[in-house]
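To start, the structure itself, in C-alpha cells.
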C-alpha cells in the first residue's frame, strides 16, 4: 500500500520511493518451494511501468551522490499550466545486503519552494518485518501521517497500515493487505479498507489475483469500489506492451488504456506511448547522451476530446 492521501471510496496510492526488492521467480527450483509474492502495491507494477509518465513544461533534474549511502537531487520545473517550482530531495539508502545486516533506517525527504514536505522512512526490524512511516505537508498544513508494518513469510505477505489517526475528530483509516502464493504461477489475496470520520464510517473489501506466465502477467482487483484489470506482455527484448481496464463505482467511469515500450539499445533510446478511451494519446522519448551522464526527455500528450495539448522537455544529469 502506498501513501493514503485522501478518504474517498478508497485510499489513493503512491509508488514506494525506496529501492524495489529483487524480483525472484515464484517457483524456487532449488528446493521446490514457493517464494514470496511481494507487496500488494506491486501487483500492477509490470504493466504500469510500460506507460509513459506525463511531462509538461521544462524540467531540469540534477542528481548528486555524496557517499555510498547519501544522495541528493535538485529539480527545477518551469510549467505552463501551474506554478513553477523547485524541489530539493535527499535520501539515505542502503543496499539490500547492508540493510539486512545493519539495523539502520532508510530515510527520504523532499521539500519544494512552497514549503511542502514529503518524508518517508523505512526500518527493517528483522529479516521478515519492515516498518514504514510517511509524513506529508501542504505548506503549513499536515496532509498525511501514515504508519505501516509488513511481514514477509516464505510464500505470503501480510501488511497493516494506519493513516491519518485523529483522536479529537475521531477519524482514522486502516488498511490490511494479504497475498499468498498458491501455485508456481498463481497469487491470491485481498485488501480491507476501514475508514471512520465524523460524517461517515464504513469498509471496503477488494479481492486480488495474479497469474503469470513465462513472458506475461495478468492481474485482477475487484470489489465494491470497482475493478482494475491489467495485462503485461514482453514480446522480446525491445518491445513490451500493457493493457489496463479500470472501473469505479464512485465516479461511474470506466477507462481502457493501451501502452507500449520500445527500446533501441544501439541508439541509446527508449520510447513509451499510450492511448486510452478518453481519446488521449501520448508519448515520451528518452535519449541517453553518451558519454555524458545525462538523459534527454521529450514528450507530448494530446486530448482530442478536450482539444488540449501538453508538451514538455527535460534533462536529467547524474
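Numbering (UniProt numbering), first residue to last: 1 to 318.
Heads up, the beta-carbon is just placed ideally off N, CA and C, and yes, glycines get one too.
Predicted model only: the values in this text are computed from it and were never measured.
Helix, strand or coil, according to DSSP, for residue 165 in the structure here? strand
Burial state of residue 320, where buried means 16 or more other Cβ atoms lie within 10 Å: The structure shown does not extend to residue 320, since the chain is modelled only from 1 to 318, so the question has no answer here.
Quick one: grab the DSSP three-state call for residue 200. coil
Please list the terminal residues of the continuous alpha helix (DSSP H) segment that includes residue 279. Careful: residue 279 lies outside any alpha helix (DSSP H) and carries neither H nor E.
Between the Cα of residue 130 and the Cα atoms of 53, 86, 89, 157, which residue gives the shortest distance? 157
If I follow the unbroken alpha helix (DSSP H) through residue 45, where does it start and stop? 45-48
Taking contact to mean at least 3 C-beta pairs separated by less than 8 Å, is the segment 68-80 in contact with the segment 257-267? no
If you measure between the beta carbons of residue 317 and residue 63, is that distance less than 8 Å? yes
Return helix, strand or coil for residue 101, following the three-state DSSP convention. Below a pLDDT of 50, predicted positions are generally treated as unreliable, and residue 101, at 46, falls in that range; the measurement from the model is reported next regardless. Looking at residue 101 - three-state DSSP - the assignment turns out to be helix.
Beta-carbon gap between residue 175 and residue 161 smaller than 8 Å: yes
For residue 170, does the count of other Cβ atoms within 10 angstroms reach 16, so buried, or fall short, so exposed? exposed
Residue span of the beta strand (DSSP E) that contains residue 303, given as start and end: 294-303
Excluding sequence positions up to five away, which residues of its chain have a Cβ less than 6 Å from the Cβ of residue 91? 71, 108
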